[in-house]
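Here the structure comes first, spelled out in structure tokens, and everything after it is commentary.
In our numbering, the protein residues as written are 1075 to 1256.
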């Protein structure tokens, strides 16, 4: 299984650089950026020893383009839905629960994309609808929204000991056919 980290419209270059460093810390190397802020000296400074990941980050204009080829798309949110009227945010699994679900997925060509939203207001409901699952990191109710690179670090830490199962993920085409049928 291959994990891709997607930063959707990141606002601050420092967070992009810090995220590249976090990927390197946990042994991942696929960083995708959707319509990012300019990658400036702050990004390079924060990317310490992960310059190759920052330089190799794939840049896309839309989230749809960035998720192309993904077998599973997991969106992240700091806002957990509380009513059925906000069903797009329910349920949101913890990183630990996501690891449990992914532990049965076979290795190989399966691509799991994890999408992180903007620093100021995260992912829109429309962007969350692109995702197959949602993930939310349990935090204090006093201040539930984490720094972007810190959230990536928590998720990658949780996935770092992910085993390899024997279930193959469906490709996007087959999933779209299933959703149409429903």
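No residue lacks a Cβ here, since even glycine has one placed at the ideal position from N, Cα and C. In this text the structure is predicted, and so the values were computed from the model without any measurement.
| Asked | Found |
| --- | --- |
| CB residue 1109 to CB residue 1197, shorter than 8 Å? | no |
| Decide if residue 1214 is buried, meaning its Cβ has at least 16 other Cβ atoms within 10 Å, or exposed. | exposed |
| In chain order, which beta strand (DSSP E) runs of at least 3 residues are fully inside the region 1155–1237? | 1185–1190 and 1207–1209 |
| If I'm right that residue 1204 touches residue 1138 with Cβ under 8 Å, what's the distance once you round it to whole angstroms? | 7 Å |
| Determine, using beta carbons only, whether residue 1190 and residue 1136 come nearer to each other than 8 Å. | no |
| Let me check understanding here. Comparing Cα to Cα, which of 1084, 1231 and 1153 lies closest to residue 1112? | 1084 |
| Compare the beta carbon distance of residue 1077 and residue 1233 with 8 Å and say whether it is the shorter of the two. | yes |
| Can you have a look at residue 1096 and say buried or exposed, based on whether 16 or more other CB atoms are within 10 angstroms of its CB? | buried |
| Could you tell me which uninterrupted beta strand (DSSP E) segments, each at least 3 residues in length, are contained entirely in the region 1083–1133, listed from first to last along the chain? | 1105–1108 |
| Taking buried to mean at least 16 other C-beta atoms within 10 Å of its own C-beta, is residue 1145 buried or exposed? | buried |
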